[in-house]
Amino acid sequence: MRCNLQTKYGNAGNCFAACVSHLKDMNIEDVPNVETMFDLDECFTMQDDTPLWGRVLDAFIRHHGFIWRPATEEEIACPPKDKPFLCIGKALDGVTNHAVIYMNGKLFFDPNKFRKGLSRILSLQVIERV
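Residue numbers (the numbering used here): 271 to 400.
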């Protein structure tokens, strides 16, 4: 795995792209920076309520032979050993959205230069080979 630290900060930063590139051993520049698409959701949300950024990320990940899905209740209750989870939540300031990787019940990778993790986890995602 490449240790790609984020290069942009704030709610339009690229922590999510840094985590995906880290998990998939890619250059951060090759992963769509979906954080820049969050404000476009009102204009481009489809009838199934899938936001633009979600559709872009899903297409990108599928193109590379993977799927992106929410973690199951079973995976959350009893995380499989050595299986990374993409965690989305609040940074330590409690306001800024942030993405990190957890594995074996603890912080595995934080793309922020301070590497302090999350104050609160809002969702757990899995990216796995099809």
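For glycine and all other residues, C-beta sits at the position ideal for the given N, C-alpha and C.
Please read all numbers here as calculations on a predicted model, not as lab measurements.
Identity of the residue in the options nearest residue i by Cα
i: Arg-390; options: Gly-280, Asn-367, His-333; result: Asn-367
i: Asn-284; options: Leu-293, Pro-302, Met-296, Lys-294; result: Pro-302
i: Lys-405; options: Ala-287, Leu-293, Ala-282; result: Since the first residue of the chain shown is 271 and the last is 400, residue 405 is not available in this structure.
i: Trp-323; options: Asp-363, Leu-394, Ala-282; result: Ala-282
i: Gly-364; options: Asn-374, Gly-387, Met-373, Ile-337; result: Gly-387
i: Val-400; options: Lys-376, Ala-369, Ala-347, Arg-339; result: Arg-339
i: Asn-297; options: Leu-275, Tyr-279, Gly-280; result: Leu-275
i: Glu-398; options: Phe-378, Leu-356, Leu-392, Pro-321; result: Leu-356
Three-state secondary structure assigned by DSSP to residue i
i: Val-301; result: coil
i: Val-290; result: helix
i: Cys-273; result: coil
Sheet register partners of residue i (DSSP bridge)
i: Lys-376; result: Met-373
i: Arg-390; result: Lys-360
i: Val-396; result: Arg-339
Backbone CA spacing between residue i and residue j [nearest angstrom]
i: Ile-358; j: Asp-328; result: 16 Å
i: Cys-273; j: Asn-382; result: 11 Å
i: Arg-385; j: Gln-395; result: 20 Å
i: Tyr-372; j: Asp-295; result: 16 Å
i: His-333; j: Ala-347; result: 30 Å
i: Gly-428; j: Pro-349; result: Residue coverage of the chain in this structure runs from 271 to 400, which leaves residue 428 outside it and unanswerable.
i: Val-304; j: Arg-325; result: 10 Å
Where in the segment 320 to 368 do unbroken runs of the alpha helix (DSSP H), each at least 4 residues long, occur, reported from the N-terminal end onward? 322 to 333, 343 to 347
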